[in-house]
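K.L.:
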Amino acid sequence: MDLSSPRASSTLTLIFIVLLLASTGSYGSTFTFANRCAFTVWPGILANAGSPTLSTTGFELPKDSARSLQAPTGWSGRFWARTGCKFDGSGSGTCTTGDCGSNQVECGGLGAAPPVTLAEFTLGTGGDDFYDVSLVDGYNLPMIVEVAGGSGQCASTGCTSDLNLQCPAELRFGDGDACKSACEAFRSPEYCCSGAYATPSTCRPSVYSTMFKAACPRSYSYAYDDATSTFTCSGGDYTVTFCPSSPSQKSTSYSPPVSDSSATSQGADPVPGSDTGFSGQGQQAQGQGFGYGSEGTGSDTGSSGETMLQDGSWMAGLAMGGSTRSAGQSLAMLVATFTIVPFALPFIFL
């Protein structure tokens, strides 16, 4: 073929355009994982059935550091943070919470053992992405998802409260390292939305999921908590931040379940731009008078119960005291919470 001929030139141009479009559409979103905890975490990644495996399925992320990954259009899966991990020089070991059972830093296609906080994503093919932060499998640490770019709603979501402090004794995991869901704790169909309770009309919020929802209004609290918990955006990039709370909250001094290993992260890049190492993430609230006090005390007023997100919205941390209280005391505090929530909701979604 004469490459200088008009026909050859048109063919090459068409091939170039097809390759360009394929390349542009092959990576739908960039996921950035930012660790603002006072300790190292080990993010785990699980692709759903039919979705390709990303460049890693698990890695070490020291405090005040971040790492980014690309995911193709149409990808769906979940992310979580493993805590209290101890890995030897060969990368073998286990974690106190969120362990994926691989006995390696890489999870290799295995999911997280509950209780664990999950960020779930489905990247649209020419349409909206869907994302949520879920407490259906329990909770191990605070987490938020924020969006950069994109069009549509693109709201932030997540849970900034330390539910380990609020966790009733019957849901407590280990020495307060995490908080189980009622399904995990009791294995009962009415809590697990299974059997005769496998529909939205038969599986209703329990007192436990209501407690989770009061503390984290934008997170999934049980299997059919869709209406206020699933968010959409088209063409955005996503930042998943672990322990995002403002400096006045306990989670900035939140201790890991066990001592971290002394290993350093491979491939974790610091984020420049602010004194915490994160540019524009989780801005601190200043001088707001509708807080609910410092976590674990349930007293005082001010801004310590909330975190301001990049989209200007607020997430309130409704603290209900220590995790050692009895079930009866926990329910009594829930009654007080329900009294507060109607007043708090207008501020949560400003």
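For the sequence shown, position 260 matches number 426 in the working numbering, and the numbering has no gaps at all. Note that beta-carbon positions come from the ideal geometry of N, C-alpha and C, so glycine has one too.
Taking the CB atoms as reference points, tell me whether glycine 324 and valine 313 lie closer together than 8 Å.
P.N.:
Contact flag unset, no.
K.L.:
Evaluate serine 231 with the Cβ neighbour count: other Cβ atoms within 10 Å of its Cβ, from every protein chain shown; 16 or more gives buried, anything less gives exposed.
P.N.:
Buried, by the Cβ-count rule.
K.L.:
Considering just the uninterrupted stretch of the beta strand (DSSP E) at proline 209, what are its terminal residues?
P.N.:
Residues 208-213.
K.L.:
Let me check understanding here. Comparing Cα to Cα, which of Gly259, Ala321, Leu337 and Phe296 lies closest to glycine 243?
P.N.:
For glycine 243, the nearest C-alpha among the options comes from Phe296.
K.L.:
Would you mind stating whether threonine 291 and glycine 216 have Cβ atoms separated by less than 8 Å?
P.N.:
Going by C-beta atoms, threonine 291 is not nearer than 8 Å to glycine 216.
K.L.:
Does at least one heavy atom of the ligand HEM sit under 7 Å from the Cβ of alanine 364?
P.N.:
This structure simply doesn't include the ligand HEM, nor any ligand for that matter.
K.L.:
Return the residue from the list Gly255, Pro366, Pro371 and Leu307 that minimises the CA-CA distance to alanine 204.
P.N.:
Looking at the Cα atoms, Leu307 is the closest of the given residues.
K.L.:
Give every residue of the same chain whose Cβ lies closer than 7 Å to the Cβ of arginine 353, excluding the five residues on either side of it in the sequence, and list them in chain order.
P.N.:
If we look at arginine 353 and ignore the five residues flanking it on each side, it has no Cβ neighbours.
K.L.:
Roughly how many angstroms lie between the CA atoms of valine 271 and threonine 249, to the nearest whole one?
P.N.:
Cα to Cα, valine 271 sits roughly 12 Å from threonine 249.
K.L.:
Would you kindly check if the distance between the Cβ of aspartate 303 and the Cβ of leucine 284 is under 8 Å?
P.N.:
Cβ atoms of leucine 284 and aspartate 303: closer than 8 Å.
K.L.:
Which value, in whole angstroms, describes the spacing of the CA atoms of aspartate 392 and tyrosine 386?
P.N.:
Going by the C-alpha atoms only, they are around 7 Å apart.
K.L.:
Inspect the beta-carbon positions of glycine 340 and threonine 262 and report whether they are closer than 8 Å.
P.N.:
Their beta carbons are under 8 Å apart, which means glycine 340 touches threonine 262 by this criterion.
K.L.:
Which residues mark the beginning and the end of the alpha helix (DSSP H) in which threonine 376 is found?
P.N.:
373-381 is the span of the alpha helix (DSSP H), which, as asked, contains threonine 376.
K.L.:
Using a Cβ-Cβ cut-off of 8 Å (strictly less than) and excluding sequence neighbours within five positions of threonine 190, which residues of its own chain qualify?
P.N.:
Per-residue confidence for threonine 190 stands at a pLDDT of 40, beneath the threshold of 50, marking its modelled position as unreliable; the derived number appears in the next sentence. Here the set comprises nothing.
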